[in-house]
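This report refers to the structure that appears directly beneath it.
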Amino acid sequence: MEAPLHEEMVMRLTQRWTEIDSQLRAMGWEPNDMDIPNSWSTKQEEWEALVEKPRSDDDQDWEDLVPQLASLLEINHNERLQFESETRQQARAKRLDALMDMIKFGDFAMVRFNVIPQFLSSGADPSASATYQAPFPDFNETLEWTVLKRLHENDVSLLEMDEGFQHHEKEIMTQVIEWQFRIHQYFLDLLRAGRQTLQPATGIYNPNLPDGLKVLLRADVLFCNLASRNRVQRKTPLTYGMLSLWGFSSVIGAPGVLERKSWASLSWSSCLVPRGSKGYASTANKHRYPQRVLSRDAELWGEFGLWEVS
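Be aware that the sequence shown starts at 79, since it is given in the numbering used here, and climbs by one per residue.
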């Protein structure tokens, strides 16, 4: 007995929806607007209550029902357009992120250079190479730049956005270079405040590395982030190479938290490792500093584990 009743109910609902669909299409509503059971719709319950409501035979039923349905369709139409716009914007952000990565690992790729370590363990190679990854702005930060913000927010196709990016690529690269200069200068000013003049690191053979950067890459130059809400970060000295490699936004705030602050407002502190310090290797191990190979006053990357400062 229950099966026939269920089949009859389904048939009535199907017939009712067919009539409603026909009426609404005649009024100019599109199928996408009537596809309410979707993630973006906030009016699913109200819609289902009206559609599944038993219908009387008089025309007054339609006169009362259609305005209510139209009101819900208008809301759903706007919500669908908003959802589709946000979906397109997410796709543009993903594409812009990939385009910025192409610049980062192309035009600003990691630099490899030759070094001559000053302190060598028995049997060690007297020559070595090291790498340096220049700092690159966090993608969320670049989306605040005028050009990238416009490319991200303008509701255009990915192809049109790509064309816009190519058109402004030189301008974007200039902004990256200017951002890097501000980072370099901020830490140089921080380092030199109240200290003696520091000479560039020696033992590094790469004409493309400016003297200011060689100062920052000295082995005896470390930075602490006093503004971090993370206790470990506040007490962990970091080299400029670490900051550049990890990305500055990841070490400015708590782990995983991007804090947009001007460089002038950050509470970084610098410290110099005492020159000729004995037992520094054991101190480094005690505090779990990463091991690195040193040339004269230069911090270099590798698995040499040499921790003496000239």
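Virtual Cβ for every residue (Gly too), placed ideally from N, Cα, C.
Because the structure is a prediction, the values reported are computed rather than measured.
Which same chain residues end up closer than 6 Å to residue i when comparing Cβ atoms and leaving out the 5 residues on each side of it in sequence?
i	result
residue 226	220
residue 266	290
residue 107	151
residue 334	Caution applies to residue 334, whose pLDDT of 38 falls short of 50 and renders its modelled position unreliable; the model cannot decide the point.
residue 96	none
residue 153	121
residue 310	none
residue 148	none
Relative to the alpha-carbon of residue i, which residue among the options has its alpha-carbon at the smallest distance?
i	options	result
residue 142	103, 98, 185 and 258	98
residue 277	284, 264 and 299	299
residue 102	184, 146, 308 and 159	146
residue 181	310, 255 and 109	255
residue 88	179, 100 and 130	130
residue 109	183, 155, 91 and 93	155
residue 139	179, 153 and 94	94
residue 275	285, 284 and 293	293
residue 183	153, 251, 317 and 318	251
residue 284	188, 310, 153 and 92	188
Does the separation of the CB atoms of residue i and residue j fall below 9 Å?
i	j	result
residue 279	residue 295	yes
residue 177	residue 240	yes
residue 118	residue 161	yes
residue 212	residue 190	no
residue 287	residue 210	yes
residue 214	residue 258	yes
residue 144	residue 112	no
residue 85	residue 167	no
Could you name the residues of the same chain whose beta carbon sits closer than 8 Å to that of residue i, not counting the 5 residues immediately before and after it, in chain order?
i	result
residue 150	114, 121, 124, 125 and 128
residue 236	169, 170 and 173
residue 229	170, 174, 239, 242, 243 and 246
residue 395	A query on residue 395 cannot be resolved here, the shown segment of the chain reaching from 79 to 388 and no further.
residue 179	none
Note down, in chain order, each residue of its chain lying with its Cβ closer than 7 Å to the Cβ of residue i, except the 5 sequence neighbours on either side.
i	result
residue 157	118, 119 and 120
residue 249	225
residue 253	223
residue 159	none
residue 91	130
residue 328	Model confidence at residue 328 stands at a pLDDT of 43, short of 50, so the residue's coordinates are unreliable; what they give is reported in the following sentence. Hits under 7 Å: none found.
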